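Working notes for the structure below.
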Amino acid sequence: STMTDPTDPIPPTDPAAEPAGGPAEAAPAATAEAPLPEAEVAKWKDLALRSQAELENFRKRMNREAVEVRRFAAASLVEDLLPVLDNFDFGLEAARAESASSSITLGMTMVRKQLDDFLAAQGVREIETEGQVLDPTRHHAVKTEVRPDLPEGTILQVVRKGYFLHDRVLRAPNVVVSAQAEPAAAG
Numbered sequence: 013s014t015m016t017d018p019t020d021p022i023p024p025t026d027p028a029a030e031p032a033g034g035p036a037e038a039a040p041a042a043t044a045e046a047p048l049p050e051a052e053v054a055k056w057k058d059l060a061l062r063s064q065a066e067l068e069n070f071r072k073r074m075n076r077e078a079v080e081v082r083r084f085a086a087a088s089l090v091e092d093l094l095p096v097l098d099n100f101d102f103g104l105e106a107a108r109a110e111s112a113s114s115s116i117t118l119g120m121t122m123v124r125k126q127l128d129d130f131l132a133a134q135g136v137r138e139i140e141t142e143g144q145v146l147d148p149t150r151h152h153a154v155k156t157e158v159r160p161d162l163p164e165g166t167i168l169q170v171v172r173k174g175y176f177l178h179d180r181v182l183r184a185p186n187v188v189v190s191a192q193a194e195p196a197a198a199g
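When we follow this note's numbering, the leftmost residue of the sequence shown carries the number 13, and every step to the right adds one.
Have a look at this one:
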């Protein structure tokens, strides 16, 4: 048998001298075109880290969205309940006008307190209007009254209550606001 020189660039022609599995399984030689193993490892490591960060950001976004969905899941139900509350309040005011101490008035007052407690537990709260100036992002002006003694846009009366659900306006209150002078008639 002839010995081959490992530094010889010519491959052996003896089939017994070839690596098991033939020339295809021989270790590839590093060339200028093929990336070095360190660069290949760094590339895959960077890709893995980026994928991991992307997955973590996706999880965080999904958690935030799930919290928002749970937080505002009752919005539709509460919106449908608001006209019922308005009518209940009209009835309560009528009962108070008849007799503030009647058992019906006291019972309705207790029910209204329970409703208020339930709504508060859901994150619903009334939008404050007393002594405030109109804020178009929170209030809906339905009428103006000339009041030169007050700053323009001061809320004078609430026609229909408004509510927040957490930090969002669920329903803006309808309000009457002050004006400095009568609006000019279109001519």
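Glycine included, every Cβ here is placed at the ideal spot set by N, Cα and C. As the structure is a prediction and not an experimental result, all values here were calculated from the model.
In the structure shown, what three-state DSSP assignment does residue i receive?
i: residue 189; result: strand
i: residue 144; result: coil
i: residue 153; result: strand
i: residue 218; result: Nothing can be reported for residue 218, as the shown portion of the chain is limited to 13 through 199.
i: residue 159; result: coil
i: residue 61; result: helix
Taking the CB atoms as reference points, tell me whether residue i and residue j lie closer together than 7 Å.
i: residue 200; j: residue 158; result: Since the first and last residues shown for the chain are 13 and 199, residue 200 lies out of range.
i: residue 134; j: residue 86; result: yes
i: residue 166; j: residue 181; result: no
i: residue 148; j: residue 192; result: no
For residue i, I'd like the list of residues in its chain whose CB is within less than 8 Å of its CB, leaving aside the five on either flank, ordered along the chain.
i: residue 63; result: none
i: residue 114; result: 107
So, for residue i: in the same chain, excluding its five sequence neighbours on each side, which residues have a beta-carbon less than 7 Å away from its beta-carbon?
i: residue 189; result: 146, 153, 156, 165, 166, 167 and 168
i: residue 194; result: 158
Enumerate in chain order the residues of its own chain whose CB-to-CB distance from residue i is below 6 Å, with the five nearest sequence positions on each side excluded.
i: residue 136; result: 90, 175 and 177
**OP:** Check whether the region 179-187 touches the region 132-142, counting contact only when three or more Cβ pairs, one atom from each stretch, lie closer than 8 Å.
**Re:** The region 179-187 makes contact with the region 132-142: 3 or more CB pairs, one atom from each, lie closer than 8 Å.
Original post:
Would the region 160-179 and the region 88-101 be scored as touching if the rule is three or more Cβ pairs under 8 Å?
Top reply: yes
Original post:
Below 8 Å, can you find three or more Cβ-Cβ pairs linking the region 93-104 to the region 116-123?
Top reply: yes
**OP:** Starting from the N-terminal side, write out each stretch of the alpha helix (DSSP H) that is 4 residues or longer and does not extend beyond the region 68-146.
**Re:** 87-110 and 115-133
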